[in-house]
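Inspection log for the structure reproduced underneath, given as structure tokens.
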Amino acid sequence: MKTEPNRIATVESETSQPVTGQPWLAVVEQVRRDAVDESQRYLDETTVPHGGE
Amino acid sequence: MRSTRASDTWTKPQSPTVANSVPTLDRLVGLETEYAIRFRPAEGLADPPTRYQLYQALVARLKRHVPTAPARHFKEGLFLANGGAVWFEGERPAAGSGLIEGSTPECRGPLEAVRYQRAMDQLLSQCARMAEVDGLVSLVKNDRDGRGHVYGAQENYEAVLGSAWSLWVWRVGLVLLAPLLLLAWAGVALMIVTCLLYLAVAGLIYLPLRWLARPSHRVAVALFGRDLAEGRETGMPTPVWMETLSLGLTRLIYAPLAMCLWALIALTAFRRTRRQLVPFLVSRCLVAGAGLLDDQGRFHLADKAPAVNCLLGLGGFWRDRPVFTCGHFFKSLCVDAWFAPGDLRHLWRARQRLQIGLGDSNMCETAEFLRVGTTALVLDVIEAGELPPLALLARPIDALHGFCADQSLTQRARLVDGREVTALELQRFYWSACQQYVARHPDVPEEAHEVIDAWDEVLGALEQYQLSGEVPTQLVGAVDWVTKRQLLDEAGGDASWEARKKIDICYHELSPLGYFQMLQAAGLAAVLNQPQELERATRTPPANTPATMRGHYIREFSSESEPLSVSWHRVVMGRGWGSKSVRLVRYERAAAAQTRRRRLGSRDAGQR
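In order, the protein sequence lines correspond to chains A and B.
If you use the working numbering, the first sequence corresponds to residues 1 to 53, in order.
If you use the working numbering, the second sequence corresponds to residues 1 to 608, in order.
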């Protein structure tokens with residue numbers, strides 16, 4: 001019954017080796033710099049008192 | 001309530017039931033997501049807004065974007081033109097809690113559900129960023145904050161509640177619960193009267209004191225709550241102590257009803273479905289887990305799963321975190337009945353809402369598609385009675401925690417027959433059952449093949465990883481826990497716990513500063529829905545669901561002078577005696593007839 005190429009597989013094949021490329025390394029570098037910047041303040045800002053109680 | 005031991009085994013496949021008349025991947029599906037609010041006040045802001053005020057600012061912006069109508073519900077919220085809804089989820093508002101909750105409209109099929117979920121993410125995050133407050137607001141689509149508070153995602157699937165005897169026991173049981181319900185209502189009414197009396201007496205004492213001794217603002221807040229003390233709506237209508245006391249008392253008053261309802265559900269509702277779904281859900285974190293860095297710095301495959309402590313529960317009533325939530329039945333009985341007693345009729349139906357509390361808020365679209373698609377497909381196989389025999393897990397909750405804590409994917413869990421299995425083996429079992437089901441039914445939609453193929457790809461990559469130990473890099477951007485772990489390893493390898501935890505949480509932030517969104521902007525994450533599809537989904541409801549008519553009324557009548565209010569079951573135009581009420585069940589009958597016609601059509605095609 002399949003009439004079209006698999007949509008998920010097609011999309012995934014475009015990003016099959018993302019962690020070796022320049023875009024990945026650029027994001028990693030950006031995250032590395034941002035993560036150490038005011039990390040405790042970030043955790044406080046995103047805290048949800050009592051959560052989904 | 002805690003239940004970690006299953007006692008029975010499936011000895012043979014069930015015979016096909018009336019349920020298999022529903023076409024594959026055609027059941028109603030709805031997703032609920034609680035978003036944490038991140039707020040950074042402007043420099044020097046002395047009185048930051050409460051979470052309720054942030055919600056109000058977001059809603060004010062939302063109303064400018066899409067047609068909306070106020071919700072007829074016990075929770076503060078509004079329905080959107082696409083049939084979905086936005087709520088303020090705050091059980092302890094005076095104590096500072098509060099989340100934004102988005103509910104997708106009822107959808108058919110996993111791709112549609114993901115599309116409406118993404119449309120909701122996009123709409124709410126844009127409105128949050130544009131909210132008119134002194135500071136920056138953004139939403140975080142995760143399941144647990146830096147201090148371990150749990151919230152997050154829930155899934156709803158239309159499913160067969162029970163067959164013949166269990167359905168009748170369910171209905172009779174509901175009738176027998178009526179006296180307990182009336183008693184509980186009387187108790188709550190008494191509590192409300194007592195609170196009002198307290199406020200009147202405290203006011204009579206406080207007002208003369210105010211002229212004589214000029215007590216501080218803090219005293220007024222402690223006596224009356226912020227709303228009364230400040231004369232404005234802050235979302236904190238009672239003092240913290242009164243909120244804590246009334247919440248405790250409410251639970252005490254409702255406890256007998258809650259216990260009896262839980263027992264009735266455990267005995268009758270979705271019994272076979274729940275039993276056969278458990279091994280699948282317990283191992284589903286491999287495919288759909290969002291990843292978690294715990295307070296000891298250990299990595300788990302799923303965000304919410306380590307907090308799950310029972311199979312079936314009301315979802316927080318007794319601090320339970322269940323795999324299957326039955327809180328919606330409880331709320332229907334206890335609260336919704338106040339607004340429209342006639343809507344209790346939906347509790348009579350043979351097909352009802354099965355709510356799954358075990359599941360993470362996904363950032364990867366592929367993972368979200370698989371979370372919904374695999375579950376819906378497994379439900380189809382179970383209801384068709386075509387799931388091959390499998391022994392149940394001996395201790396499912398322990399198995400869940402074990403699977404989630406194991407990055408090597410080699411952790412084994414014991415079955416009741418003594419054998420031991422890995423999560424991958426369980427997932428392969430269900431994949432194989434679904435694959436055979438799809439092969440046996442030539443009329444299944446193309447989407448079912450997509451689910452099977454994508455599921456197979458992910459499991460294949462994980463099996464390779466289990467054997468070689470090499471990171472399945474092809475899953476980066478498709479499976480959240482793999483993506484997050486890779487980011488933690490490469491960007492936060494030697495960083496402090498706080499910095500690594502920030503990576504864990506900021507991965508889920510819905511803004512250009514969110515780490516997943518950075519990956520997506522760099523083209524490193526699979527995209528299943530195009531921007532124009534998402535834009536359309538913010539304004540137009542899915543076809544052939546109760547949301548279709550709900551969305552139509554909101555689009556057509558929300559700007560009229562006559563007030564419009566909406567619930568999941570009805571639309572009400574006008575107020576008081578002159579109001580006109582439209583039950584959305586009228587649509588559902590038409591949809592059921594359409595489903596029957598499709599069934600007969602596909603059967604005829606099969607015979608030909």
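The C-beta atom is built at its ideal place from N, Cα and C for all residues, glycine as well.
Based on the DSSP output, what are the partners of residue i in its beta bridges?
i: Thr68 of chain B; result: B:Leu80
i: Asn309 of chain B; result: BP columns for Asn309 of chain B are empty, so no partner.
i: Gly30 of chain B; result: B:Asn156
i: Val566 of chain B; result: B:Ala71, B:Val571
i: Pro322 of chain B; result: B:Cys310
i: Ile37 of chain B; result: B:Leu139
i: Gln486 of chain B; result: In DSSP, Gln486 of chain B forms no bridge with anything.
i: His300 of chain B; result: B:Leu292
i: Ser216 of chain B; result: For Ser216 of chain B, which the question treats as bridged, DSSP gives no partner whatsoever.
i: Arg144 of chain B; result: B:Val150
i: Val27 of chain A; result: In the DSSP output, where bridge partners are listed per residue, Val27 of chain A has none listed.
Do you know offhand how far residue i's Cα is from residue j's?
i: Leu99 of chain B; j: Val48 of chain A; result: 8 Å
i: Ala266 of chain B; j: Leu312 of chain B; result: 7 Å
i: Leu622 of chain B; j: Asp406 of chain B; result: Outside the shown range of chain B (1 to 608) lies residue 622 of chain B, about which nothing can therefore be said.
i: Cys434 of chain B; j: Val378 of chain B; result: 6 Å
i: Leu459 of chain B; j: His65 of chain B; result: 41 Å
i: Asp456 of chain B; j: Trp431 of chain B; result: 7 Å
i: Arg214 of chain B; j: Arg251 of chain B; result: 37 Å
i: Ala547 of chain B; j: Leu245 of chain B; result: 38 Å
i: Gly291 of chain B; j: Phe224 of chain B; result: 42 Å
i: Asp227 of chain B; j: Met236 of chain B; result: 6 Å
i: Leu301 of chain B; j: Val36 of chain A; result: 23 Å
i: Glu450 of chain B; j: Thr375 of chain B; result: 14 Å
i: His149 of chain B; j: Pro306 of chain B; result: 12 Å
i: Arg144 of chain B; j: Gly342 of chain B; result: 37 Å
i: Ala229 of chain B; j: Glu243 of chain B; result: 16 Å
i: Glu132 of chain B; j: Glu91 of chain B; result: 25 Å
i: Pro563 of chain B; j: Thr68 of chain B; result: 11 Å
i: Leu393 of chain B; j: Ser283 of chain B; result: 11 Å
i: Tyr515 of chain B; j: Gly21 of chain A; result: 17 Å
i: Val476 of chain B; j: Phe369 of chain B; result: 15 Å
i: Leu62 of chain B; j: Leu190 of chain B; result: 38 Å
i: Asp44 of chain A; j: Arg33 of chain A; result: 19 Å
i: Phe280 of chain B; j: Asp26 of chain B; result: 20 Å
i: Thr256 of chain B; j: Arg419 of chain B; result: Looking at the sequence itself, residue 256 of chain B is Pro, so the reference to Thr does not match. Looking at the two C-alpha atoms, the distance is approximately 40 Å.
i: Ser567 of chain B; j: Leu286 of chain B; result: 36 Å
i: Val416 of chain B; j: Leu390 of chain B; result: 10 Å
i: Ser21 of chain B; j: His441 of chain B; result: Per-residue confidence for Ser21 of chain B stands at a pLDDT of 49, beneath the threshold of 50, marking its modelled position as unreliable; the derived number appears in the next sentence. Looking at the two C-alpha atoms, the distance is approximately 12 Å.
i: Leu534 of chain B; j: Glu509 of chain B; result: 19 Å
i: Arg38 of chain B; j: Asn142 of chain B; result: 12 Å
i: Ala526 of chain B; j: Gln117 of chain B; result: 16 Å
i: Val372 of chain B; j: Arg349 of chain B; result: 23 Å
i: Glu89 of chain B; j: His50 of chain A; result: 11 Å
i: Ser612 of chain B; j: Arg108 of chain B; result: Here chain B has residues from 1 to 608 only, and residue 612 of chain B is not among them.
i: Gly316 of chain B; j: Cys364 of chain B; result: 28 Å
i: Tyr52 of chain B; j: Arg147 of chain B; result: 21 Å
i: Pro49 of chain B; j: Ser97 of chain B; result: 13 Å
How close, in whole Å, do the beta carbons of residue i and residue j come, if the pair is a contact with beta carbons under 8 Å?
i: Tyr35 of chain B; j: Gly102 of chain B; result: 7 Å
i: Gln517 of chain B; j: Ile382 of chain B; result: The pair is not a contact, with the Cβ atoms about 36 Å apart (cut-off 8 Å).
i: Ile503 of chain B; j: Val31 of chain A; result: 6 Å
i: Asn544 of chain B; j: Val114 of chain B; result: No, Asn544 of chain B and Val114 of chain B are not in contact; Cβ-Cβ is about 18 Å, not under 8 Å.
i: Cys404 of chain B; j: Gly289 of chain B; result: 7 Å
i: Ser581 of chain B; j: Arg570 of chain B; result: 6 Å
i: Leu314 of chain B; j: Phe330 of chain B; result: 5 Å
i: Ala491 of chain B; j: Gln474 of chain B; result: That pair is no contact at about 20 Å.
i: Ser216 of chain B; j: Ser511 of chain B; result: So it is not a contact: roughly 39 Å between Cβ atoms.
field: the region 198-213 of chain B touching the region 342-362 of chain B, judged by at least three CB pairs closer than 8 Å
entry: no
- request: Evaluate contact between the region 336-350 of chain B and the region 252-263 of chain B, counting only Cβ atoms and requiring at least three cross-stretch pairs below 8 Å.
  value: no
- prompt: Counting Cβ pairs, one atom from each stretch, are 3 or more of them under 8 Å apart for the region 139-156 of chain B and the region 20-39 of chain B?
  reply: yes
query: If we count Cβ pairs, one from each stretch, closer than 8 Å, do we get three or more for the region 121-131 of chain B versus the region 267-274 of chain B?
result: Counting Cβ pairs under 8 Å, fewer than three are found: no touch.
message: Under 8 Å: do the region 538-553 of chain B and the region 394-413 of chain B share three or more Cβ pairs, one atom per stretch?
response: Contact check between the region 538-553 of chain B and the region 394-413 of chain B: fewer than three CB pairs, one atom from each, fall below 8 Å, which does not count as touching.
query: Within the chosen definition, does the region 516-525 of chain B reach the region 155-166 of chain B through at least 3 CB pairs nearer than 8 Å?
result: With fewer than three CB-CB distances shorter than 8 Å, the region 516-525 of chain B does not count as touching the region 155-166 of chain B.
- prompt: When the Cβ atoms of the region 495-508 of chain B are set against those of the region 463-472 of chain B, are three or more pairs found closer than 8 Å?
  reply: no
query: Fully enclosed by the region 79-116 of chain B, which beta strand (DSSP E) runs are 3 residues long or longer?
result: If only complete runs of 3 or more residues are kept, the region 79-116 of chain B shows the beta strand (DSSP E) at 85-89, 99-103, in order along the chain.
message: List, from N- to C-terminal side, the beta strand (DSSP E) runs of 3 residues or more that fit wholly inside the region 509-574 of chain B.
response: You should have 564-566, 570-573.
field: Contained beta strand (DSSP E) runs [length at least 3] in the region 403-431 of chain B, N- to C-terminal order
entry: 412-414, 420-422
- prompt: Are there three or more Cβ pairs, one per stretch, closer than 8 Å when the region 536-546 of chain B is compared with the region 78-91 of chain B?
  reply: yes
Completely contained beta strand (DSSP E) runs for the region 319-407 of chain B, where each covers 3 or more residues: 322-325, 351-356
- prompt: Where in the region 177-245 of chain B do unbroken runs of the alpha helix (DSSP H), each at least 4 residues long, occur, reported from the N-terminal end onward?
  reply: 178-212, 217-224, 226-230
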